[in-house]
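Residue numbers (the working numbering): 3 to 247.
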């Protein structure tokens, strides 16, 4: 298998496993009904693919001619996979709380970008956002597992995220970013179905998450901002430096 074939397969896998990335990278996707699997099984699936790619990439290293597009593709993909593997030390899935680009703000933006206007796109919108409450509940489960294992986000971050969640919940349904698909499509049935999703599914899920953060989580969250306070924090810090610098 050539490096371009490997890259194409990985690219397709990432778009299937984490379709949300397409909205922030300008990549066209065929369907708009997916949400990432944030369960331990979903993460294990991604890690299994990464682990399978590394030997293939190493075996192709000597075949790449310096300066060619294939050489660049190989170097980029190898760096991406190696840094992803190194970042596993962080166990971010166990303390996934961020006031800067957290999932709650990311999905609010995706809702604004959700394409509608046809029967198929309306159906895909409803299918996606019907899955969102389960995603939120899984985040709560993940955070509970993190606390049990000694991982937590800083209290200062948790406070800010609670405030951001409150900001979302304070909005009337029609003003919510999660209602945005219905604002762009005046199909009466779709508008009502979206309203029901927001009021009976999405808002209650966010309320559960907010309650968990404010009650159970806040008291156990770490005081220090430094990630070195978490298990494997030094390795996480070094892996993050490599990834983002």
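Using N, Cα and C, we set each Cβ at its ideal position, and we do this for glycine too.
These figures come from a predicted structure and were not determined experimentally.
DSSP lists no beta-bridge partner residue for residue 90. Just so you know, the alpha carbons of residue 113 and residue 180 end up roughly 5 Å apart.
Scanning 53, 158, 96, 233 for the CA closest to the CA of residue 102 turns up 158.
Straight across, the Cα-Cα distance linking residue 35 with residue 63 is about 37 Å.
With respect to the C-alpha of residue 149, the residue from 79, 47, 72, 94 having the closest C-alpha is 94. Non-local beta-carbon contacts of residue 222 in its own chain, meaning distances under 8 Å to residues more than five positions away in sequence, involve 149, 154 in chain order. Taking 7 Å as the cut-off, the Cβ atoms of residue 41 and residue 140 count as close. Looking at 227, 21, 5, 85, the one whose alpha-carbon comes closest to that of residue 58 is 5. According to the DSSP assignment, residue 34 belongs to no alpha helix (DSSP H), since it is labelled neither H nor E. The beta carbon of residue 127 sits closer than 6 Å to the beta carbons of 116, 118, 183 from its chain, once the five residues preceding and following it are set aside; these are given in chain order. Inter-residue distance for residue 226 and residue 235 is about 12 Å (C-alpha atoms, whole angstroms).
In this structure, residue 237 places its C-beta atom within 7 Å of the C-beta atom of residue 91. Secondary structure at residue 156: strand, using DSSP grouped into helix, strand and coil. Per DSSP, the beta-bridge partners of residue 224 are 156. DSSP places residue 54 inside the alpha helix (DSSP H), whose first and last residues are 42 to 62. Measuring C-alpha to C-alpha distances from residue 124 to each of 245, 244, 31, 190 identifies 190 as the nearest.
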